[in-house]
Amino acid sequence: MSEGDVFAALANPTRREVLRLLLERGEQPVQRLADHFEMRRPSLSEHLRVLKDAGLVTEQPVGRQRFYSLRPEPLRQVADWLGPYEQFWRARLADLREVLDGLPDD
Amino acid sequence: MTESTAIALDQFLPHPPAKVWRALTDSDLLARWLMPNNFRPVLGHRFSFRTTPRPGQGFDGLVHCEVLELDEPRRLRWAWRGGRLDTVVSWTLVPEGRGTRLFLEHSGFDPDDPVQRGTFTLLDGGWRSHVWRRLEQTLTALP
């Protein structure tokens with residue numbers, strides 16, 4: 171799963187709304203989600219598939235129903251999109267401190 | 025949302041500004057804490073830092089830089105370009121007690137970049153409200 175998949179999944183308002191519902195109401199059967207959106211199930215299923223491919227939801231069959239729940243871990247990379255650069259600079263600043271500590275003051 | 029396109033860090037260094045300035049503008053010293061380079065402290069000088077290539081991200085391992093500002097021993101600014109980045113790195117040195125407070129700003133991360141744009145979409149409208157906060161709380165609670 172690439173970063174791009176997560177961003178593409180989040181780019182759609184229906185899919186963001188699905189995530190909001192799952193966040194606030196917990197696990198939901200697909201029919202209840204479809205009712206919320208007044209959307210035909212095949213259309214909603216396509217959105218759910220994109221979310222699942224991006225690793226943002228998990229699907230659990232219970233009897234004849236499928237339940238979806240939020241899997242927030244991939245959102246980390248969205249929340250921390252500048253994180254790698256910040257970590258890079260923090261490490262470099264620590265190295266700078268060491269270099270300075272080893273230099274004469276002039 | 026401009027703050028989302030920049031990284032700002034600062035650190036106190038128990039060394040005088042002139043010495044910190046030297047570590048920022050001497051090619052050999054820069055190589056010791058940042059990356060190998062052909063920097064010279066000349067306004068407009070184009071130079072590069074060499075690091076590990078990441079072909080998957082379209083990065084050949086060279087950060088192409090240019091000295092945009094050189095105000096000894098207060099302020100140093102470099103263009104910082106490589107891979108998908110076209111950014112600016114600014115160093116500001118402020119005397120503090122017996123040492124120096126060094127401010128770093130790395131700015132110009134591009135909201136039009138497809139990867140970065142996702143964040144802006146996410147922070148639009150309703151997502152800036154309680155939904156985003158609750159997501160952040162959820163993320164914070166993760167191991």
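Each protein sequence line maps, in turn, to chains A and B. According to my numbering, the first sequence is numbered sequentially starting from 171. According to my numbering, the second sequence is numbered sequentially starting from 25. We put the CB at the ideal spot given by N, CA and C, even for glycine.
Cα-Cα, which of the options is closest to residue i?
i: Leu263/A; options: Leu109/B, Pro60/B, Arg56/B; result: Arg56/B
i: Asp271/A; options: Thr29/B, His39/B, Leu33/B; result: His39/B
i: Arg171/B; options: Leu33/B, Pro41/B, Phe36/B; result: This structure cannot settle anything about residue 171/B, because the visible part of chain B is limited to 25 through 167.
i: Thr29/B; options: Gly233/A, Leu245/A, Tyr255/A; result: Tyr255/A
i: Arg185/A; options: Arg234/A, Trp259/A, Leu240/A, Arg260/A; result: Leu240/A
i: Val200/A; options: Asn182/A, Asp275/A, Lys222/A, Leu180/A; result: Lys222/A
i: Arg258/A; options: His130/B, Thr124/B, Leu117/B; result: One detail in the question is off: residue 258/A reads as Phe in this sequence, not Arg. Out of His130/B, Thr124/B, Leu117/B, His130/B has the C-alpha closest to the C-alpha of Phe258/A.
i: Pro119/B; options: Phe63/B, Lys43/B, Arg108/B, Leu86/B; result: Lys43/B
i: Gly132/B; options: Leu86/B, Ser72/B, Thr111/B; result: Thr111/B
i: Glu243/A; options: Pro183/A, Pro231/A, Ala181/A, Leu189/A; result: Leu189/A
i: Phe73/B; options: Asp34/B, Leu67/B, Trp102/B, Asp95/B; result: Trp102/B
i: Gln198/A; options: Pro274/A, Glu229/A, Asp275/A, Ala224/A; result: Glu229/A
If you draw a straight line from the C-alpha of residue i to the C-alpha of residue j, how long is it?
i: Phe207/A; j: Met59/B; result: 53 Å
i: Val176/A; j: Val227/A; result: 11 Å
i: His69/B; j: Glu268/A; result: 27 Å
i: His88/B; j: Asp50/B; result: 17 Å
i: Ala179/A; j: Val220/A; result: 6 Å
i: Leu37/B; j: Tyr238/A; result: 51 Å
i: Glu90/B; j: Pro183/A; result: 41 Å
i: Leu53/B; j: Arg46/B; result: 8 Å
i: Arg105/B; j: Trp115/B; result: 16 Å
i: Asp84/B; j: Ala204/A; result: 47 Å
i: Val113/B; j: Pro97/B; result: 16 Å
i: Arg211/A; j: Arg234/A; result: 15 Å
i: Pro65/B; j: Glu93/B; result: 10 Å
i: Arg202/A; j: Leu191/A; result: 10 Å
i: Met171/A; j: Arg108/B; result: In this predicted model, Met171/A has a pLDDT of only 48, less than 50, meaning its place in the structure is not dependable; the value taken from the coordinates is given anyway. Spanning the two alpha carbons is a distance of roughly 20 Å.
i: Leu32/B; j: Thr124/B; result: The sequence as given places Ala at residue 32/B; Leu does not occur at that position. Near 16 Å, if we compare the C-alpha coordinates of Thr124/B and Ala32/B.
i: Ala181/A; j: Gly196/A; result: 22 Å
i: Leu273/A; j: Pro77/B; result: 31 Å
i: Leu218/A; j: Pro79/B; result: 32 Å
Which of helix, strand or coil does DSSP assign to residue i?
i: Asp175/A; result: helix
i: Val44/B; result: helix
i: Leu128/B; result: strand
i: Ile31/B; result: strand
i: Leu58/B; result: coil
i: Ala261/A; result: helix
i: Val87/B; result: strand
i: Arg273/A; result: It is Leu, not Arg, that sits at residue 273/A in the sequence shown. Coil at Leu273/A, not helix or strand.
i: Ala103/B; result: strand
i: Pro97/B; result: coil
i: Val66/B; result: coil
i: Arg74/B; result: strand
i: Pro119/B; result: strand
i: Pro199/A; result: strand
i: Phe36/B; result: strand
i: Glu268/A; result: helix
i: Asp50/B; result: coil
Report the start-end ranges of each beta strand (DSSP E) in the stretch 211-258 of chain A that is 3 residues or longer and not cut off at the edges.
Complete beta strand (DSSP E) runs here, min 3: 227-232, 235-240.
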